[in-house]
Amino acid sequence: MSVLPRFPPLPVGEGRGQGRACASVLLAGTLLLSACRRQEPVKPAPAIPPRPTPVPAARFEEKAEAMGIRFIHVNGARGERWMPETMGGGVAVLD
Numbered sequence: 016m017s018v019l020p021r022f023p024p025l026p027v028g029e030g031r032g033q034g035r036a037c038a039s040v041l042l043a044g045t046l047l048l049s050a051c052r053r054q055e056p057v058k059p060a061p062a063i064p065p066r067p068t069p070v071p072a073a074r075f076e077e078k079a080e081a082m083g084i085r086f087i088h089v090n091g092a093r094g095e096r097w098m099p100e101t102m103g104g105g106v107a108v109l110d
């Protein structure tokens with residue numbers, strides 16, 4: 016006489032998911048543990064001394080008045096001050 020309880024046999028195909036689940040857990044644990052290693056300290060990069068900024072050769076002078084250009088920019092901003100109303104008029108440079 017046996018003291019162990021008797022369970023009905025599993026139908027074919029059942030119970031296989033437990034093995035896959037166990038293998039998945041073991042694989043995930045192995046990957047996580049392999050990532051837990053001591054990191055080497057990062058050495059800071061050597062400081063590069065700044066180069067002097069060259070002075071631009073171009074020099075701009077206001078000559079609109081001397082050339083007879085009289086322009087006043089009116090952006091039309093009233094009331095709510097929407098984005099197009101607050102933007103500048105832009106510039107066009109022709110040579």
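Numbering (this note's numbering), first residue to last: 16 to 110.
Beta carbons are placed, not taken as given, at the ideal position from N, Cα and C, and that holds for glycine.
Q) Nearest CA to the CA of F75: which residue from V108, F22, P20 and Q33? A) Looking at the Cα atoms, V108 is the closest of the given residues.
Q.
Less than 6 Å between C-beta atoms, sequence neighbours within five positions excluded: which residues of the same chain meet that for G104?
A. H88
(Q) Can you check whether the C-beta of P56 is within less than 7 Å of a C-beta belonging to chain D? (A) Note that chain D does not occur in the displayed structure, where there is just one protein chain.
Q. DSSP state of C37, grouped into three classes?
A. helix
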